[in-house]
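In full-length UniProt numbering, the protein residues as written are 1 to 339.
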């Protein structure tokens with residue numbers, strides 16, 4: 001594309017900062033009516049906003065009221081459809097009850113560049129807080145800068161400076177699932193993990209490995225899925241061909257559904273030949289055949305709790321303990337058959 005036909009770039013907060021002769025952080029504070037910005041600096045920032053054409057109407061409204069009454073929700077567009085819908089419902093219900101709107105940004109992949117863009121767009125809209133439901137393993141300096149002056153709650157992800165993290169103890173979830181199978185008498189527990197780039201998948205796998213090590217058992221090589229039933233089905237086909245497998249910890253319910261189908265097609269019954277335990281306890285878990293033993297996560301409650309934290313305020317940097325996981329024992333697990 002030639003210079004003459006290039007699409008004009010939208011003005012950014014950095015452009016406002018240059019025009020006003022201040023930092024981008026000062027622009028953010030001024031547009032959020034922070035008491036730490038003096039009136040003269042705020043006047044210069046507003047003049048620069050109008051000069052460069054930086055979302056003037058939205059910024060001016062936010063400055064006039066001091067609040068946008070909007071919460072920004074960042075989600076991952078792929079994987080975990082039930083959890084994403086439940087988190088969104090919880091956020092919207094709690095926000096709506098308090099008179100807030102929700103602006104949603106869904107990123108296509110676990111990519112820090114996409115995450116930065118989403119946070120930047122929501123910050124430009126003047127959101128009063130972020131709920132980040134993306135399982136980032138690490139954060140960038142740009143993410144830190146964007147969220148520094150905007151209250152932020154992350155759900156089971158890495159924290160930015162000043163963020164609060166909510167969720168269950170994912171490592172303990174892996175330990176709880178594995179211990180349940182060992183307590184039933186299984187001598188080995190295999191594992192189908194989620195994608196390695198997901199922090200939940202890593203922590204659940206770590207809990208599985210730790211529990212086996214404490215029992216003096218060497219962990220077999222984990223298999224990896226992508227949270228989908230199809231990936232569980234593929235890995236289930238592999239496990240069905242290993243006669244000594246009697247117990248499997250699957251990192252997510254949707255994958256577990258695929259595993260059970262693959263085993264059934266290969267003539268191996270659940271729980272007669274293999275016991276299956278999972279994590280999530282989505283609505284379908286109690287109604288599949290057999291009903292699935294799984295570690296419960298209340299996604300709706302997490303979404304609502306995140307909004308409650310944002311609205312009532314919290315001590316910056318103070319994390320409470322992760323919620324203790326609980327196991328819903330159903331018919332997919334049983335003691336191993338005598339051999």
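By construction, the Cβ of each residue, glycine as well, lies at the ideal position given by its N, Cα and C atoms. The structure displayed is predicted, hence computed values, not measured ones.
Handout entry: Cα-Cα separation, residue 318 to residue 135
Key = Numbered from 1 along the chain shown, position 318 holds the residue referred to as residue 318. Numbered from 1 along the chain shown, position 135 holds the residue referred to as residue 135. Model confidence at residue 318 stands at a pLDDT of 45, short of 50, so the residue's coordinates are unreliable; what they give is reported in the following sentence. Distance between the alpha carbons of residue 318 and residue 135: 19 Å.
Exercise for the section: Below 8 Å on the Cβ atoms is my guess for residue 132 versus residue 74; work out the distance and round it to an integer in Å. Expected result: Residue numbering aside, residue 132 sits at position 132 when the chain shown is read from its first letter. Residue numbering aside, residue 74 sits at position 74 when the chain shown is read from its first letter. Contact between residue 132 and residue 74 holds: their C-beta atoms lie close to 5 Å from each other, under 8 Å.
Exercise for the section: Can you grab the Cα-Cα spacing for the pair residue 262 / residue 11, in whole Å? Expected result: Numbered from its first residue, the chain shown carries residue 262 at position 262. Numbered from its first residue, the chain shown carries residue 11 at position 11. Residue 262 and residue 11 have their C-alpha atoms some 53 Å from each other.
Problem - C-beta contact flag for residue 227 and residue 252 at 8 Å - result: As a first step, residue 227 is located in the chain shown; it is residue number 227 there, counting from the start. As a first step, residue 252 is located in the chain shown; it is residue number 252 there, counting from the start. A contact, by the Cβ cut-off of 8 Å.
Practice task
Check whether the Cβ atoms of residue 341 and residue 88 lie closer than 8 Å to each other.
Solution key: What is shown of the chain runs 1 to 339, which leaves residue 341 out entirely.
Handout entry: Three-state secondary structure assigned by DSSP to residue 190
Key = Translated into positions along the chain shown, residue 190 becomes position 190. When DSSP states are grouped into helix, strand and coil, residue 190 belongs to the strand group.
Handout entry: Every unbroken alpha helix (DSSP H) within the region 231-280, with a cutoff of 4 residues, ordered by chain
Key = Taking only runs of at least 4 residues, the alpha helix (DSSP H) segments lying wholly in the region 231-280 are 253-265.
Exercise for the section: Between the Cα of residue 68 and those of 124, 291, 52 and 203, spot the shortest distance and give me the residue it belongs to. Expected result: Reading the chain shown from its first residue, position 68 is the one you call residue 68. Distance check between residue 68 and each of 124, 291, 52 and 203 places 124 closest, using alpha-carbon atoms only.
Exercise for the section: Assign residue 83 to one of three DSSP states: helix, strand, or coil. Expected result: Position 83 of the chain shown, counting from 1, holds the residue named residue 83. For residue 83, the three-state secondary structure derived from DSSP is helix.
Practice task
Check each candidate in 164, 224, 172 and 233 and name the one with the smallest Cα separation from residue 310.
Solution key: Within the chain shown, the letter at position 310 stands for residue 310. When each option's Cα is compared against that of residue 310, the closest is 164.
Exercise for the section: Give the DSSP bridge partners of residue 130, in chain order. Expected result: The residue given as residue 130 occupies position 130 in the chain shown. Paired residues: 72 and 152.
Exercise for the section: Check whether the Cβ atoms of residue 293 and residue 329 sit closer than 8 Å, and answer yes or no. Expected result: Taking the first residue of the chain shown as 1, we reach residue 293 at position 293. Taking the first residue of the chain shown as 1, we reach residue 329 at position 329. Remark: C-beta atoms of residue 293 and residue 329 approach each other more closely than 8 Å.
Exercise for the section: In angstroms with no decimal places, state the Cα-to-Cα distance between residue 232 and residue 323. Expected result: Along the chain shown, read from residue 1 onward, the residue named residue 232 stands at position 232. Along the chain shown, read from residue 1 onward, the residue named residue 323 stands at position 323. Their Cα atoms are separated by approximately 27 Å.
Exercise for the section: With DSSP collapsed to three states, give me the class of residue 327. Expected result: Your numbering for residue 327 matches position 327 in the chain shown. Strand at residue 327.
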